[in-house]
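Visitor: Quick note, the sequences are listed as chains Y and Z, same order. Mapping of the first sequence onto this note's numbering: residues 894 to 1143, in sequence order. Mapping of the second sequence onto this note's numbering: residues 894 to 1143, in sequence order. A single structure is presented below for examination.
Number of protein chains: 2
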Amino acid sequence: MKSAIPETGVPITPPTIGNGGDRQEASLHGEILLRLRDYVVEGNIPEGARVPERQLCEMLGISRTPLREALKVLAAEGLIELLPNRGARVRQLSQRDLEELFDVMAGLESLAGRLACEAITDEEIAAIERLHYEMYGHYLHRDMHGYFQTNQQIHESIVAAARNETLKTTYANFAGRIRRVRYSANFARKRQRWAEAMREHEAILDALRRRAASELSDILFQHLRNKRSAAIDHLAEAQGADLETTPQGD
Amino acid sequence: MKSAIPETGVPITPPTIGNGGDRQEASLHGEILLRLRDYVVEGNIPEGARVPERQLCEMLGISRTPLREALKVLAAEGLIELLPNRGARVRQLSQRDLEELFDVMAGLESLAGRLACEAITDEEIAAIERLHYEMYGHYLHRDMHGYFQTNQQIHESIVAAARNETLKTTYANFAGRIRRVRYSANFARKRQRWAEAMREHEAILDALRRRAASELSDILFQHLRNKRSAAIDHLAEAQGADLETTPQGD
DNA sequence: TGAAGCTATTTTGCATTCATTTTTTGTCTT
DNA sequence: AAGACAAAAAATGAATGCAAAATAGCTTCA
């Protein structure tokens, strides 16, 4: 009665996120880490569900030692919780946790914008402009999925332009933690919020062209803050609905 | 010839940094993690030195399993490197690494200041003012150690005022990574830089009193940027001197 | 009938053991 | 004598085994 994990074969997820993009692990432990991280980030394990080690071992076809090492790392990353003598649980993010995570993401993007102004090339700005127009197309066609993806590409481009691998890795880490939420938050976006976001993106581009570091920093922070509000609101509704179907763990 | 670790008993370091302040681990693995982290952060193992697991096990009086779990976590935190089949090394920070780390720290403090403006109380500001005057005293008395400590307290107070545990933990993590450098960088500070730093701190307090979020954000970033320059310069000298005494690992 | 207590099973935490890989050491050849 | 090859020693990576803790199941008693 506590399977928590579906019977599917283990899906190796696309090379999207992760710890920062290094997907060339050789050791078994490293491979397991990548697979487990994706498995959790993709949402294959219900939040707060207990996950017996034995089951994960069978699923992944390995012994408990490397699995436990991977679990420790995932716990350090904040994706799961490790209760002493009581196993691992997918970390349940409270509303407050989400607010905090969004704010830190906002701070990181704000920093990325500031640093990007110091080093970004005209070509990179042009590329972001192209993405912006592409996104505008998705907006006009009501293509939420495309909009979401392009939006994410824009933000990743800014982070890349910051020329700071440490920042990039940290950003990817936090992005992984709130990935599910972020996704549904974007889908939940009202059309009116879309329009706002488009205007904000235009302001971002404008500041970027002028290399106005602190101005861009402000705009990006506010932009993410607005996203935060949308996401939190949406999540509050969703969790309210969930309360009837999903009983609490304990 | 590869001891790398002195014969001393394992020192339990003071409860300063760590992962965020949670120092009530019950499990052996958790205890080991805290002790090892401090041990590394305190600089008891030479940079880049190879650290045989067996030796650490004897030193800590445990078997390899929990030790290896702790090593994996420390590697995820960026304190050590794990080379496949070739053991753990204390991560050697290049000059570029340091620049990146300082910039991320600057971004985090900048964010902390921004958030602090939303929630900080008059009492907290008063407390920071007291610290500021205390620091001024250390400055006048040329007490570098006291100055360093009080300075750190001020920055930690700002982070605390941000009311964001996630940010606090992340900040502590990065602080741990560059602790040694930061320390020596402060010691290396020229008196002229001291005067600048004092002025910057006054500007910080001013912006904080007015709850001028984006202004404070800018000032804090610049303040840390200046620290970065001082630290990097100092490190460049120190590393240059080291090159004659410390032969490279390989 | 229901709840409390006790036992059995499962699960976790850590130690130990086994298999590879790396590093060292010794020997041989040129 | 120097370099190269090979065997031994050591270290790492992973699996297995064992003790303690937790959960589940059963019995007993009110």
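By construction, the Cβ of each residue, glycine as well, lies at the ideal position given by its N, Cα and C atoms.
Buried or exposed, going by whether 16 or more other CB atoms sit within 10 Å of the CB of Ala1019/Y?
Guide: By 1-based counting over the first sequence, the position of residue 1019/Y is 126. It counts as exposed.
Visitor: Measuring only the C-alpha atoms, how far is Leu972/Y from Leu964/Y?
Guide: One-based indexing of the first sequence puts residue 972/Y at position 79. One-based indexing of the first sequence puts residue 964/Y at position 71. When rounded, the distance between both Cα atoms is 9 Å.
Visitor: Check whether the segment 1001–1008 of chain Y touches the segment 1099–1112 of chain Y, taking contact to mean three or more Cβ pairs, one atom from each stretch, closer than 8 Å.
Guide: Yes, they touch.
Visitor: Starting from Arg982/Z, trace the beta strand (DSSP E) both ways and give me its first and last residue.
Guide: Working through the second sequence from its first residue, we reach residue 982/Z at position 89. Unbroken beta strand (DSSP E) run through Arg982/Z: Gly980 to Val983.
Visitor: Under a CB-based cut-off of 8 Å, is Glu1058/Z close to chain Y?
Guide: As a working mapping, residue 1058/Z is identified with position 165 in the second sequence. Cβ-Cβ to chain Y under 8 Å: yes for Glu1058/Z.
Visitor: Taking the alpha-carbon positions, what's the Trp1087/Z to Arg979/Y distance?
Guide: For this step, residue 1087/Z is matched to residue 194 along the second sequence. For this step, residue 979/Y is matched to residue 86 along the first sequence. One C-alpha to the other measures close to 51 Å.
Visitor: Compare the Cα-Cα distances from Glu924/Y to each of Glu946/Y, Pro945/Y, Gly941/Y and Glu962/Y and report the closest residue.
Guide: Position 31 of the first sequence holds residue 924/Y. Comparing Cα-Cα distances from Glu924/Y to each of Glu946/Y, Pro945/Y, Gly941/Y and Glu962/Y, the minimum goes to Glu962/Y.
Visitor: Under 7 Å Cβ to Cβ from Arg1118/Z, same chain only, skipping five residues before and after it: list those, please.
Guide: Mapped onto the second sequence, residue 1118/Z falls at position 225. Correct list, in chain order: Ala999.
Visitor: How would you list, in chain order, the residues of chain Y whose beta-carbon sits under 7 Å from the beta-carbon of Leu1101/Z?
Guide: Within the second sequence, the letter at position 208 stands for residue 1101/Z. Residues of chain Y passing the Cβ test: none, with the nearest at roughly 17 Å.
Visitor: Given Arg1102/Z, which residues of its chain have a CB within under 8 Å of its CB, disregarding the five upstream and five downstream residues?
Guide: Here residue 1102/Z refers to the residue found at position 209 of the second sequence. Excluding positions up to five away in sequence, the list reads Ile1018.
Visitor: Under 8 Å Cβ to Cβ from Ser896/Z, same chain only, skipping five residues before and after it: list those, please.
Guide: Working through the second sequence from its first residue, we reach residue 896/Z at position 3. Bear in mind that the predicted position of Ser896/Z carries a pLDDT of just 39, short of 50, making it unreliable; the figure below should be weighed with that in mind. Within the same chain, Ser896/Z has close Cβ partners Gln948.
Visitor: Look at the Cβ atom of Glu1093/Z, then the Cβ atom of His1127/Z, and state whether they are nearer than 8 Å.
Guide: As a position in the second sequence, residue 1093/Z is number 200, starting the count at 1. As a position in the second sequence, residue 1127/Z is number 234, starting the count at 1. No, these two residues do not count as a Cβ contact at 8 Å.
Visitor: Short check: CB of Val966/Z to CB of Ala969/Y, under 8 Å?
Guide: In the second sequence, residue 966/Z corresponds to position 73, counting from 1. In the first sequence, residue 969/Y corresponds to position 76, counting from 1. In contact: Val966/Z and Ala969/Y (Cβ atoms closer than 8 Å).
Visitor: May I ask you to report which of helix, strand or coil DSSP gives Glu940/Z?
Guide: For the purposes of this step, residue 940/Z is identified with residue 47 of the second sequence, where counting begins at 1. Glu940/Z: coil per DSSP, three-state reduction.
Visitor: Counting pairs of beta carbons, one from the segment 1021–1040 of chain Y and one from the segment 1059–1074 of chain Y, are three or more of them closer than 8 Å?
Guide: No: the two stretches stay apart, fewer than three of their Cβ pairs being nearer than 8 Å.
Visitor: Among Ile1021/Y, Arg1084/Y and Phe1041/Y, which residue has its Cα nearest to the Cα of Asp1099/Y?
Guide: Indexing the first sequence from 1 puts residue 1099/Y at position 206. Closest by alpha carbon: Ile1021/Y.
Visitor: Alpha carbon to alpha carbon, how far is Leu1024/Z from Tyr1040/Z? Give it in angstroms, no decimals.
Guide: Your numbering for residue 1040/Z matches position 147 in the second sequence. Your numbering for residue 1024/Z matches position 131 in the second sequence. So the two alpha carbons sit approximately 10 Å from each other.
Visitor: Between the Cα of Ser1050/Y and those of Arg982/Y, Ile1125/Y and Ile1013/Y, spot the shortest distance and give me the residue it belongs to.
Guide: For the purposes of this step, residue 1050/Y is taken as residue 157 along the first sequence, with counting starting at 1. If we check each option's Cα against that of Ser1050/Y, Ile1013/Y comes out closest.
Visitor: Note down, in chain order, all residues in the segment 985–1000 of chain Y with a beta-carbon under 9 Å from any beta-carbon belonging to chain Z.
Guide: Cβ contacts with chain Z: Arg989, Asp990, Glu992, Glu993, Leu994, Asp996, Val997, Ala999 and Gly1000.
Visitor: Name, going along the chain, the residues of the segment 962–978 of chain Y whose beta-carbon falls closer than 7 Å to a beta-carbon of chain Z.
Guide: So the close ones are Glu962, Lys965, Val966, Ala969, Glu970 and Pro977.
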